[in-house]
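Those sequence lines, one after another, are chains S and E.
Positions 0 to 339 (numbering that gives the first Met the number 0) are the ones given, in order, by the first sequence.
Positions 0 to 339 (numbering that gives the first Met the number 0) are the ones given, in order, by the second sequence.
The beta carbon of each residue, even a glycine, is placed where N, CA and C say it ideally should be.
Contents: one structure, followed by commentary.
There are 2 protein chains.
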Amino acid sequence: MAIKRVGSQTVKLENPPAIISSHSIVGPKEGEGPLKAYFDLILEEDLWGTESWEKAESKIQEECIKGAINEAGLSTKDIDYLIAGDLLNQIIASGYSARQLGIPYFGLYGACSTMTESLSLGAMLMDGGFADKIVCATSSHFSTAERQFRFPLEYGNQRKMTAQWTVTGAGATLISPSGPGPYIKCITTGKIIDPGIKDAANMGAAMAPAAMDTLINHFKDTGRDPSYYDLIISGDLGYVGKDIVIDMMKKEGYDLSKNYTDCGVEIFDRSLQDTHAGGSGCGCSGSVFNGYIIKEMKKGKFNKVLLMSTGALHSTLITQQGESIPGIAHAVVIENKREG
Amino acid sequence: MAIKRVGSQTVKLENPPAIISSHSIVGPKEGEGPLKAYFDLILEEDLWGTESWEKAESKIQEECIKGAINEAGLSTKDIDYLIAGDLLNQIIASGYSARQLGIPYFGLYGACSTMTESLSLGAMLMDGGFADKIVCATSSHFSTAERQFRFPLEYGNQRKMTAQWTVTGAGATLISPSGPGPYIKCITTGKIIDPGIKDAANMGAAMAPAAMDTLINHFKDTGRDPSYYDLIISGDLGYVGKDIVIDMMKKEGYDLSKNYTDCGVEIFDRSLQDTHAGGSGCGCSGSVFNGYIIKEMKKGKFNKVLLMSTGALHSTLITQQGESIPGIAHAVVIENKREG
């Protein structure tokens with residue numbers, strides 16, 4: 000047994016699942032950013048006709064999942080599992096979305112690492128022969144996250160320059176054992192690394208060591224170096240975390256200067272959009288992956304991608320008790336070629 | 000592909016993973032209940048030397064996981080994945096436990112359904128050939144849950160008779176492709192069912208329809224009836240939910256009167272312990288499964304068990320916004336015989 004394991008934290012999929020459709024929905028601010036042409040739907044206002052931001056986030060996730068299912072010409076009855084999570088207490092955006100959809104459901108909490116946590120579990124269940132269609136999904140919402148993790152928006156507090164802007168958006172990926180691809184080929188599952196940072200307005204620094212740990216283990220496990228990939232993209236380290244990762248990885252002997260970026264860096268225009276250290280939230284890598292990356296893979300701009308969503312696993316309660324912020328990062332390899 | 004699927008929500012494991020060790024830790028009140036002889040450790044006080052209930056819960060989960068690993072004669076380095084979750088915002092009990100253990104980690108949120116959500120994903124990853132050792136774990140704590148979901152304990156509010164008592168405790172199950180068993184043979188993954196209940200002090204009624212839905216689909220998918228099992232045991236429907244399930248299943252043509260009970264009914268003595276509608280919390284089915292059920296399976300009292308942890312997927316925020324409480328139930332079949 001355990002023949003699919005490669006090294007300590009990585010598995011290779013025997014029959015790499017195909018991404019048969021993907022969908023992304025974002026809020027108005029994200030829709031004004033540099034990636035606006037790639038999203039399937041840009042909302043005009045972030046309540047989307049609902050009476051609370053939490054209900055809006057749940058609707059965004061639900062409609063995003065439906066979008067991926069519709070794009071594949073399928074219905075919810077065809078989906079064996081929905082694997083989803085979000086940032087909210089008791090992951091209510093996902094729970095209430097899953098309630099409306101009626102698909103057998105596994106709820107996850109991986110903070111902003113959820114997109115790749117979901118893709119990792121979904122791809123392994125599929126390669127294991129347990130499902131024919133799985134939707135992996137996540138969402139976040141600026142206004143739900145601000146009032147839950149930081150301050151009520153009405154308070155109007157000043158944001159630190161290290162703070163990131165939670166993306167309002169969702170991403171959903173529908174996978175199946177066969178299809179034109181791209182394909183999920185390899186998975187490196189993260190350990191929790193806690194560098195001792197207690198400032199909830201500096202998530203990039205809190206998550207960077209976990210991102211490094213996963214990257215280094217991925218390269219060791221696979222025998223690859225960064226040049227194997229057209230694109231290495233982290234979830235939402237933002238400008239602060241991205242710079243730390245590039246610097247520290249250089250000290251470890253890995254050159255990330257050429258083909259590495261971060262979803263939180265790409266989604267907003269720093270000079271025009273006042274988003275300080277960049278985007279964050281599960282919906283950041285969720286929408287960037289299902290919008291930008293998959294579409295550019297289909298066009299052939301990228302053929303080998305290492306997507307690594309990154310999460311900060313604290314709660315306000317536990318940081319108020321003096322605890323530091325633990326980070327985690329899960330990496331998934333997506334390639335246009337199924338073999339090799 | 001998808002050869003392991005049986006009906007709409009059920010899969011059969013080709014190489015049923017063996018439970019090679021299990022561990023349970025409970026608080027003082029649980030240690031005075033009818034199952035006290037079965038738990039591996041009973042705490043003398045529920046802070047366990049820490050400075051907060053949340054830190055205590057995390058320590059309980061961490062020590063419980065270590066207990067299972069030690070019992071198997073292994074170390075944390077031998078474990079490929081830790082799959083865990085709990086009730087707290089951002090599942091901090093699991094996150095901080097996983098931080099201490101350093102095992103590649105998938106965080107789950109399934110509320111009180113977490114024990115079987117974790118066993119389901121763990122068993123499928125193992126049968127898929129992705130791991131040699133996986134720990135599936137969960138925890139809950141009366142005092143962390145009360146102040147998060149209901150009222151500060153200092154407030155001293157009167158408890159409704161339909162209210163359940165959150166178990167202080169944890170359970171951890173270590174699985175491997177081979178071993179003496181018992182074995183995880185079959186998995187039925189739940190859909191969310193929401194009967195429209197808005198009373199957070201009546202979880203049994205909120206979760207009972209989801210439990211029924213999973214049971215009915217399990218029986219339809221497998222072609223079995225309740226008499227196939229020595230024991231059918233739900234996670235934490237308590238007295239209210241258990242009675243609803245027995246009554247409503249009878250109307251559907253299934254007789255559960257002989258071999259069905261609930262972990263929340265078994266863990267406390269209703270007449271002596273003032274626990275109203277019974278126990279609840281992830282740690283309820285976590286500790287009852289890893290304490291009582293596995294030990295009695297090894298003695299041969301039970302040979303075929305259907306364990307179905309049940310979860311209520313609300314948050315206080317969303318019920319305050321007028322939403323009802325969605326329920327979910329995941330069922331796992333554990334048998335002493337690997338074949339058949």
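Selection of the stretch 270–287 of chain S by Cβ proximity to chain E, strictly under 9 Å
none
Got a sec? Which residues, its chain only, sit under 8 Å from alanine 200/E by beta carbon, not counting five neighbours each side?
Arg149, Arg158, Lys159, Thr161 and Ala162
What runs of the alpha helix (DSSP H), each 4 residues or longer, lie entirely inside the stretch 188–236 of chain E?
202–221
For the candidate residues Tyr253/E, Leu34/E and Leu87/E, whose alpha-carbon lies nearest to that of phenylalanine 218/E?
Tyr253/E
From the DSSP output, in three-state form, read off lysine 11/E for me.
strand
Within 10 angstroms of its Cβ, does proline 151/E collect 16 or more other Cβ (buried), or is it exposed?
exposed
Backbone secondary structure at phenylalanine 141/E - three-state DSSP:
helix
Check whether isoleucine 68/S and leucine 81/S have beta carbons under 7 Å apart
no
Would you please verify whether the beta carbon of tyrosine 154/S is less than 7 Å from any beta carbon of chain E?
no
Along the chain, where does the beta strand (DSSP E) containing alanine 328/S start, and where does it finish?
326–334
Could you check the C-alpha separation between glutamate 50/E and cysteine 262/E for me, to the nearest Å?
30 Å
Can you tell me where the beta strand (DSSP E) with valine 287/S in it begins and where it stops?
That residue, valine 287/S, is in no beta strand (DSSP E); its alpha helix (DSSP H) goes 281–287.
Phenylalanine 288/E beta carbon less than 7 Å from that of glycine 170/E
yes
Compare the C-alpha of tyrosine 108/S against each of Gln99/S, Met125/S, Ser270/S and Ala136/S and name the closest.
Ala136/S
Against phenylalanine 150/S, what residues of chain E qualify as contacts under a CB-to-CB distance less than 8 Å, listed in chain order?
The premise fails here: phenylalanine 150/S is roughly 16 Å from chain E at the closest Cβ pair, so nothing lies under 8 Å.
Since aspartate 261/E sits in a beta bridge, which residues does DSSP pair it with?
Ser233/E
Please list, in chain order, the chain E residues whose beta carbon lies closer than 8 Å to that of glycine 180/S.
Ordered by position in chain E, no residue passes the 8 Å Cβ test against glycine 180/S, which lies about 16 Å from the chain.
Boundaries of the beta strand (DSSP E) in which leucine 107/E is found, first to last residue:
104–107
How about valine 134/S and isoleucine 78/S: do their beta carbons lie closer than 7 Å?
yes
Would you mind stating whether threonine 113/E and phenylalanine 141/E have Cβ atoms separated by less than 7 Å?
no
In chain S, which residues lie less than 8 Å from serine 51/E when you measure between Cβ atoms?
Gln320
Here's the rule: buried if 16 or more other CB atoms are within 10 angstroms of the residue's CB, otherwise exposed. What is glycine 127/E?
buried
Let me check one thing: in DSSP terms, what residues is alanine 169/S bridge-paired to?
Ile24/S and Ser138/S
Rank Gly280/S, Pro208/S, Glu334/S and Lys298/S by C-alpha distance to the C-alpha of isoleucine 183/S and give the top, closest one.
Glu334/S
Cutoff 8 Å; reference methionine 296/S; Cβ partners in own chain excluding five residues on either side
Pro181, Asn302, Val304, Ile333 and Asn335
Does any residue of chain E bring its CB to less than 7 Å from the CB of threonine 9/S?
no
If you reduce the DSSP assignment to three classes, tell me which class arginine 149/E lands in.
coil
How would you call proline 27/E, buried or exposed, if buried means at least 16 neighbouring beta carbons within 10 angstroms?
exposed
Could you check how far apart the C-beta atoms of serine 314/E and isoleucine 91/S are, in whole angstroms? I think they sit under 8 Å.
5 Å
Kindly confirm or deny that the stretch 29–36 of chain S and the stretch 266–276 of chain S touch, where touching means at least three C-beta pairs closer than 8 Å.
yes
Run down chain S in chain order and give the residues with a C-beta less than 8 Å from the C-beta of phenylalanine 105/E.
Leu107, Gly109, Glu116, Ser119, Leu120 and Thr188
So, is leucine 255/E buried or exposed, given that buried needs 16 or more other C-beta atoms within 10 angstroms?
buried
Please confirm whether threonine 143/E and glutamate 61/E have their CB atoms less than 7 Å apart.
no
So with Cβ pairs under 7 Å, would you call glycine 127/S a contact of chain E?
yes
Secondary structure of serine 161/S, DSSP reduced to three states
Per the sequence shown, the amino acid found at residue 161/S is threonine instead of serine. Looking at threonine 161/S - three-state DSSP - the assignment turns out to be coil, as it is neither helix nor strand.
Does isoleucine 191/S have its Cβ less than 7 Å from a Cβ in chain E?
yes
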